[in-house]
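Colleague: I am attaching a structure below and will ask some questions about it afterwards.
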Amino acid sequence: MTQLYTLLYIVRYTPLILTVVTAGSFADKIGPTDADANKKETETVTLKCSYETNNEMIWFYWYKQKPNSAPQFSLYKDAGLWEGSGSTPTDTRLEAETNRYTTELTIRGLKLSDSALYHCALHVGYTVLKPASISIMLLFLLFLLVLLLFGGPTLGTRNPIPPPPEVGGKPKVP
1 MTQLYTLLYI VRYTPLILTV VTAGSFADKI GPTDADANKK ETETVTLKCS
51 YETNNEMIWF YWYKQKPNSA PQFSLYKDAG LWEGSGSTPT DTRLEAETNR
101 YTTELTIRGL KLSDSALYHC ALHVGYTVLK PASISIMLLF LLFLLVLLLF
151 GGPTLGTRNP IPPPPEVGGK PKVP
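Residue numbers (the UniProt record's numbering): 1 to 174.
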């Protein structure tokens with residue numbers, strides 16, 4: 001019965017603790033470095049997006065959106081574990097480069113038809129915990145181990161196991 005109280009205590013408080021521990025650890029962010037790029041026809045433009053992620057499997061997607069139209073896929077580029085691979089764009093004037101913090105879309109020989117809103121998107125595979133997250137998780141696991149071994153706060157209020165009987169007498173019931 002002692003272990004049952006401990007398990008109930010852990011189950012009751014674990015979701016809150018896990019929520020606090022994981023809330024800031026797995027956030028992915030991506031956004032444009034420059035909001036606008038104005039160039040003339042035949043020039044070259046490079047559009048940049050910076051990102052933050054804990055993931056090692058990363059794919060960047062670039063989309064082109066004309067007014068009153070849905071975004072159209074342009075190309076994707078891998079980063080992280082498979083940095084450098086990606087799709088071959090149908091438009092050979094397009095090229096993407098990635099590193100650990102940014103992705104860039106370069107359009108050479110600009111045409112009037114290139115005028116559009118360009119979207120960068122981040123797709124991630126699995127999450128790799130940062131050292132700080134690992135330390136927090138280890139502390140949490142240590143906390144759970146202490147609760148399992150020594151009991152939780154509910155155990156000090158009553159003892160469900162009666163003490164052994166005294167010699168020649170009846171057992172005392174708490």
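Here a beta-carbon is modelled for each residue, glycine too, at the ideal position from N, C-alpha and C.
Suppose you measure from the CA of Thr46 to the CA of Ile136; what does that come to, to the nearest Å?
Modeller: Roughly 40 Å between the two C-alpha positions.
Colleague: Could you give the DSSP three-state label for Ser113: helix, strand or coil?
Modeller: Ser113: helix per DSSP, three-state reduction.
Colleague: Rounded to a whole number of angstroms, what is the C-alpha to C-alpha distance between Ala37 and Thr92?
Modeller: Whole-angstrom Cα-Cα distance: 20 Å.
Colleague: Gly61 to Lys39, Cα distance in whole Å?
Modeller: It should be noted that the sequence gives Tyr, not Gly, for residue 61. Each residue's alpha carbon lies about 22 Å from the other.
Colleague: Just the C-alpha distance for Leu138 and Leu145, rounded to the nearest angstrom, thanks.
Modeller: Answer to the nearest angstrom: the Cα atoms are 10 Å apart.
Colleague: Hey, quick one: how far does the beta strand (DSSP E) through Lys64 stretch, first residue to last?
Modeller: Element bounds for Lys64: Met57 to Gln65.
Colleague: Between Leu117 and Gln72, is the Cβ-Cβ spacing less than 8 Å?
Modeller: Going by C-beta atoms, Leu117 is not nearer than 8 Å to Gln72.
Colleague: Look at the alpha carbon of Tyr51 and the alpha carbon of Leu141, and state the distance between them as a whole number of angstroms.
Modeller: Cα to Cα, Tyr51 sits roughly 31 Å from Leu141.
Colleague: Among His119, Leu112 and Cys120, which has the Cα closest to the Cα of Glu43?
Modeller: The candidate whose alpha carbon is nearest that of Glu43 is Leu112.
Colleague: Are there 16 or more other CB atoms within 10 angstroms of the CB of Asn68, so buried, or fewer, so exposed?
Modeller: When all chains shown are included, Asn68 counts as exposed.
Colleague: Kindly indicate which residue of Ser115, Leu147, Lys77 and Lys48 has the alpha-carbon position closest to the one of Met57.
Modeller: Ranking the options by Cα distance to Met57, first place goes to Lys77.
Colleague: Going along the chain, which residues of its own chain have a beta-carbon closer than 6 Å to the beta-carbon of Trp59, five neighbours each way excluded?
Modeller: If we look at Trp59 and ignore the five residues flanking it on each side, its Cβ neighbours are Tyr76, Asp78 and His123.
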